[in-house]
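Just so you know, we're using the UniProt record's numbering here: the sequence shown kicks off at 1 and counts up by one.
Ideal Cβ placement from N, Cα and C applies to all residues, glycine included.
Remarks on the structure that follows.
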Amino acid sequence: MHVQGHYFPKASSNYQQGVANIRDTLVEISHDDQLISSYAISDITLTSGLAGLADELRFDDGSRFIPSDVNYRWPFKTDKHDLLERLEKSKWAILAAIIFTPLFMWLMLYKVVPAIAVYSVDTLPRSVVEQMGEQSFTLIEKLALDESELPIDQQAKVQQHFNTMLNELSLEPSVYRLSFYKSESFGANAFAMPHGRIVVTDELANLLADKPDALKAVLLHEIGHVVHQHSVRMTAQSAASTIVLAVIFGDLEGIAEVALGTGATFAQQGFSRDMEREADSYALIQLEHLGYSSNDFADAIQALQSAHTSENEHIEKVNNLLEYLSSHPSAQERIDNARK
Ligand SMILES: [Zn+2]
1 MHVQGHYFPK ASSNYQQGVA NIRDTLVEIS HDDQLISSYA ISDITLTSGL AGLADELRFD
61 DGSRFIPSDV NYRWPFKTDK HDLLERLEKS KWAILAAIIF TPLFMWLMLY KVVPAIAVYS
121 VDTLPRSVVE QMGEQSFTLI EKLALDESEL PIDQQAKVQQ HFNTMLNELS LEPSVYRLSF
181 YKSESFGANA FAMPHGRIVV TDELANLLAD KPDALKAVLL HEIGHVVHQH SVRMTAQSAA
241 STIVLAVIFG DLEGIAEVAL GTGATFAQQG FSRDMEREAD SYALIQLEHL GYSSNDFADA
301 IQALQSAHTS ENEHIEKVNN LLEYLSSHPS AQERIDNARK
């Protein structure tokens, strides 16, 4: 059997026309009836085997023979050849690839990478969290906070409640810091930064001025966010997924943006509902533990809800940065849960 093609000698970019001839257990390559080389079939690798591509012979000394007819298939088989052709012809293999490739991508992006990110959060040095929190806080302060106009003695009273709770819960006062700000954009509100700074607006302190225990419930909810590292987790998750996407799509400049923009991400997204529930249940458990009632929590939500409903009628919200009620589970659900 004579097969026309090209012979590529080892370690050379030159090639020559030739004829391959199969004789017993050998393949002989010749040119103008002049024998160039002969190889044992058992030492030959078939490298292609895919439809539309020539079935290339690869010899163990590194030289190759490629048939001119791309559809020609050698009458002998090797394992490699067989497997490739079977795979290529198998509809199921293709279908599986179509289904599992996106599934794999999705799993990596939304499950595996965020899980690794969350895990790595626990190993994050305290100084990194501190820096991240303080940077985001500076941003929020510029955007939405004004100097507090709360009377000093009113501030001192809330501060004292806060300190007492920290003490009773054995929480570090250098981590959990309370700040007061006036804020038109947030209204009656409280929020916690990743590193433990907790902000109470003048509007909230005034709203709950005659319900000190309800204000404690709100503070406990915010402490819960810090204890469970919600904002660090959320930032790490979204940053990790964005970095993976940037790597996949080759947008490496995007990574710098992610690294710089983590604070803004945190501010815009608010917490997930699961995180809010976790902070709520932290507050309810600790209220009980400190000898207060979970009704204090329900009172706080109720007061906040009515404050925000009446406020929305005449103040158009500039943005929904960290809005206390919007990112939380429905107020009624939380009130019912607390009153149970
Ligand atoms: Zn919350």
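- Around the beta carbon of Leu145, 16 or more other beta carbons sit within 10 angstroms, so the residue counts as buried.
- Residue pairing by DSSP places Gln4 opposite Val19 in a beta bridge.
- Sequence-distant partners of Leu166 (beyond 5 residues in either direction) whose C-beta falls short of 6 Å from its own C-beta, in its chain, are Pro173, Tyr176.
- A residue is called buried when at least 16 other Cβ atoms come within 10 angstroms of its Cβ; Asn14 does not meet this threshold and is exposed.
- Residues of the same chain with a CB within less than 7 Å of the CB of Glu222, apart from the 5 flanking positions on each side, are Ala190, Phe191, Ala192, Ile198 in chain order.
- Ranking Asp299, Val113, His225 by CA distance to the CA of Asp210 puts Asp299 first.
- Glu278 and Ile98 have their C-alpha atoms spaced approximately 38 Å apart.
- Residue side-chain check: Glu278 keeps its Cβ at 6 Å or more from all non-hydrogen atoms of ligand 1.
- When DSSP states are grouped into helix, strand and coil, Asp274 belongs to the helix group.
- Residue environment for Gly18: buried (at least 16 other C-beta atoms within 10 angstroms of its C-beta).
- Relative to the Cα of Gln34, the nearest Cα in the group Ile44, Leu143, Leu26, Ala20 belongs to Ala20.
- A straight line joining the alpha-carbon of Thr201 with that of Glu168 spans about 24 Å.
- For the set Ile22, Pro75, Val226, the Cα lying nearest the Cα of Arg126 is the one of Val226.
- Boundaries for Ala209: no alpha helix (DSSP H) harbours it, and the DSSP string shows neither H nor E there.
- Residue Leu178 holds the alpha-carbon nearest to the alpha-carbon of Gln160 among Leu139, Asn206, Leu178.
- A buried status is given to Phe180, since no fewer than 16 other beta-carbon atoms sit within 10 Å of its beta-carbon.
- Leaving aside the five residues that flank Ser183 on each side, the residues in its chain whose CB is nearer than 8 Å to its CB run, in chain order, Ala144, Leu145, Asp146, Asn189, Thr201, Asp202, Glu203.
- The segment 46–66 makes no contact with the segment 103–115; the number of CB pairs closer than 8 Å stays below 3.
- For Thr123, the closest of Lys157, Asn337, Gln229, Asn295 by C-alpha to C-alpha distance is Gln229.
- By the neighbour-count criterion, in which a residue is buried when 16 or more other Cβ atoms sit within 10 angstroms of its Cβ, His195 is buried.
- Comparing C-alpha distances from Ser294 to each of Phe186, Tyr282, Gln305 shows the shortest one belongs to Tyr282.
- In the structure shown, Ala11 adopts coil according to DSSP, grouped into three states.
- Between the alpha carbons of Val27 and Ser90 lies a distance of about 30 Å.
- If you compare the alpha carbons of Ile36, Val3, Ile22, Arg23 with that of Pro9, the shortest gap goes to Ile36.
- The DSSP-derived three-state label of Lys340 is coil.
- Taking C-beta separations shorter than 6 Å and ignoring five residues to either side along the sequence, the partners of Phe76 in its chain run Ile41, following chain order.
- In the DSSP annotation of this structure, the continuous segment of the beta strand (DSSP E) that includes Phe180 starts and ends at 177–182.
- DSSP, read as helix, strand or coil, puts Phe76 in coil.
- DSSP, reduced to helix, strand and coil, places Phe100 within a helical segment of the structure shown.
- Within the segment 126–151, the runs of alpha helix (DSSP H) that reach at least 4 residues and sit entirely inside it are, in chain order, 126–144.
- Just so you know, the alpha carbons of Asp61 and Met132 end up roughly 59 Å apart.
- In the three-state scheme derived from DSSP, where H, G and I count as helix and E and B as strand, His195 is classed as coil.
- With respect to Ala338, Phe297 sits close: the two C-beta atoms are nearer than 7 Å.
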